[in-house]
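Here is the structure we will look at.
There are 2 protein chains.
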Amino acid sequence: MKKDTKRKRPARETDERVEKSKKAVLTTTYELLAKSGLGGVSVDEVSRRSGVAKTTIYRHWPSREALLLDACSQLSTRPVVPDTGKLRTDLEALAVGAAMRLQQPWSTVLPSIIDAAERDKELAKLQSQIHAQMRGAFIAVIERGQERGELARSLDAREIVASIIGPIMYRRFFSRELLDEAFAKKIVERALRVSD
Amino acid sequence: MKKDTKRKRPARETDERVEKSKKAVLTTTYELLAKSGLGGVSVDEVSRRSGVAKTTIYRHWPSREALLLDACSQLSTRPVVPDTGKLRTDLEALAVGAAMRLQQPWSTVLPSIIDAAERDKELAKLQSQIHAQMRGAFIAVIERGQERGELARSLDAREIVASIIGPIMYRRFFSRELLDEAFAKKIVERALRVSD
DNA sequence: TCGTATCGCTACGATACCGTAGCGTTCTAT
DNA sequence: ATAGAACGCTACGGTATCGTAGCGATACGA
């Protein structure tokens, strides 16, 4: 970030110590996020658990908010767009993938982000990015299916995405019922049968 | 709550002062919840805004948690189960009703509750109650439809509920796209067309 | 080797919060 | 009218948090 500021020495590209500290802090922050949510992460606690001094943390991030934002923004792993050659199996791969990812520990952070996004502008932007990534893969697959003629072009892709991601997130966060591969596939089948 | 404790005087059924204080506190708590979420509500702030002394608040609720739980539990208004005589219009009424309720200010609290429920047992119970109420109405309508033969009994009612509530909540909290009556109705149509 | 950046440590100041104690005042029910 | 309940007010004690300052120790890079 600050690499452009002038230094007497040419410009330190990578200082091992810095990288090590940053990594330790971020790793601990992930763990704490998964365990306690956004509101439950304090700089003091991160310092304690990571072994990195609080002063050092503030040397790398200007504020608690910045640290949290940094940590959260690295959570969103962009899903690989599958290409099985068939719309239905592509969507199944995406849906099952999403369902499985929602079972992992860090998924606990998502409600935190959504909650905070209701009031915090920065986090709203982050949430929108997370959504865009997930949604992007679905849209790509759907449009490809439309080009192949597997799906009527008149159908709204956004509506299809909603009727796949929606039920999956509903199960994970709201109804808390079993969320397995079978459910994800059934949901995809539902979403596609409409077009018949 | 404490009405069973023995008093020298017969037992005060209703003291106007108590009712007034409680109401003022709860009202302010609602407002603050909608504005700042669960984590943003402090007893001091409620006291300041409501004009009720903090000591008085603690006279009626044993702790901050108890106050918040009390306030939240009064949020869940049980939806009236519609009876239009037709499954589809019943479901539409429920779906549109849910969508509209999700636009009101207090809906901001829901992500807070869901988030906290990931870690807090009490709030998990509350969330489960909120869900059960919403879901109950849907299930009732669906089962009635099955009895009338409008819907194959082989279909899983829970799956249908998921594919209606899911997309609606997805739009409200995750994609943040337009959530209107038309969308709600389209979702219901999707959920039912599968059975054809 | 040697300058310097980075580090850990301790100690702050400021703020916010929870929950309680004491005391005098006001209102209610009888 | 009067006892007792409920109230508001002020003031605590304790804890947690954010973010900063100063200082000596250490590791990196030229």
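Residue numbers (my numbering), protein chains in the order written: chain U, 1272 to 1467; chain X, 1272 to 1467. All C-beta atoms, glycine included, are put in the ideal place defined by N, C-alpha and C. All values derive from a computational prediction rather than experimental measurement.
Residue state for Trp1377/U is assigned as helix, using DSSP reduced to three classes.
Between Glu1414/X and the set Thr1285/X, Phe1445/X, Ile1431/X, the nearest pair of CA atoms involves Ile1431/X. Between the stretch 1398 to 1412 of chain U and the stretch 1358 to 1375 of chain U there are three or more C-beta pairs closer than 8 Å, enough to call the two in contact.
In chain order, Pro1350, Val1352, Leu1365 place their CB closer than 6 Å to the CB of Ala1408/X, counting only its own chain and leaving out the 5 sequence neighbours on each side. For Lys1457/U, the residues of chain X that pass the 7 Å Cβ criterion are Glu1430, in the order they occur in the chain. Around the Cβ of Gly1420/X, a 10 Å sphere holds fewer than 16 other Cβ atoms; the residue is exposed. For the stretch 1433 to 1445 of chain X, the set of residues with a beta-carbon nearer than 8 Å to any beta-carbon of chain U comprises Ala1433, Ser1434, Ile1436, Gly1437, Pro1438, Ile1439, Met1440, Tyr1441, Arg1442, Phe1444, Phe1445, in chain order. Contact check for Ala1455/X against Thr1379/X fails: the beta carbons are separated by 7 Å or more.
A contact between stretches requires three or more CB pairs, one per stretch, nearer than 8 Å, and the stretch 1371 to 1391 of chain X meets this requirement with the stretch 1382 to 1395 of chain U.
In its chain, beyond the 5 residues on either side, Ala1295, Val1296, Thr1299 have a beta carbon closer than 7 Å to the beta carbon of Ser1321/X. Closer than 7 Å to the CB of Gly1416/U there is not a single CB belonging to chain X. The Cβ of Thr1300/X sits no closer than 7 Å to any Cβ of chain U. Bounds of any alpha helix (DSSP H) do not take in Gln1345/X, whose DSSP letter is neither H nor E. Counting only residues of its own chain and dropping the five nearest sequence neighbours on each side, Gln1400/X has a CB closer than 7 Å to the CB of Ser1347. Secondary structure of Ser1434/U (DSSP, three-state): helix. Under the 7 Å criterion on CB atoms, Pro1353/U is classed as non-interfacial with respect to chain X. Uninterrupted alpha helix (DSSP H) stretches at least 4 residues long and entirely within the stretch 1355 to 1428 of chain U occur at 1358 to 1372, 1380 to 1388, 1392 to 1418, given in chain order. The alpha carbon of Gly1311/U has as its nearest neighbour, out of Arg1288/U, Ala1324/U, Leu1339/U, the alpha carbon of Leu1339/U.
Of all residues in the stretch 1373 to 1391 of chain U, only Thr1379, Pro1382, Ser1383, Ile1385, Asp1386, Glu1389, Arg1390 come within less than 7 Å of chain X when Cβ atoms are compared, listed by chain position.
The C-beta distance from Val1465/U to Arg1464/X rounds to 5 Å, short enough to meet the 8 Å contact threshold.
At a C-beta separation below 8 Å, Arg1464/X has these neighbours in chain U: Arg1464, Val1465. Non-local C-beta neighbours of Arg1442/U in its own chain, meaning closer than 6 Å and more than five positions away in sequence, comprise Glu1448, Leu1450, ordered along the chain.
The beta carbon of Gly1308/X falls within 7 Å of a beta carbon belonging to chain U, placing the residue at that interface.
In this structure, the CA atom of Ile1436/X is about 12 Å from the CA atom of Ala1403/X.
For the 7 Å CB-CB criterion, Ser1344/X and Leu1397/X form a contact.
Chain-order list of chain U residues neighbouring Glu1336/X: empty, with the shortest C-beta distance near 14 Å, by a criterion of under 9 Å. DSSP, read as helix, strand or coil, puts Glu1460/U in helix. In the displayed model, Thr1300/X falls within a helix according to three-state DSSP. By the C-beta density criterion, Ser1334/X is exposed, having fewer than 16 other C-beta atoms within 10 angstroms.
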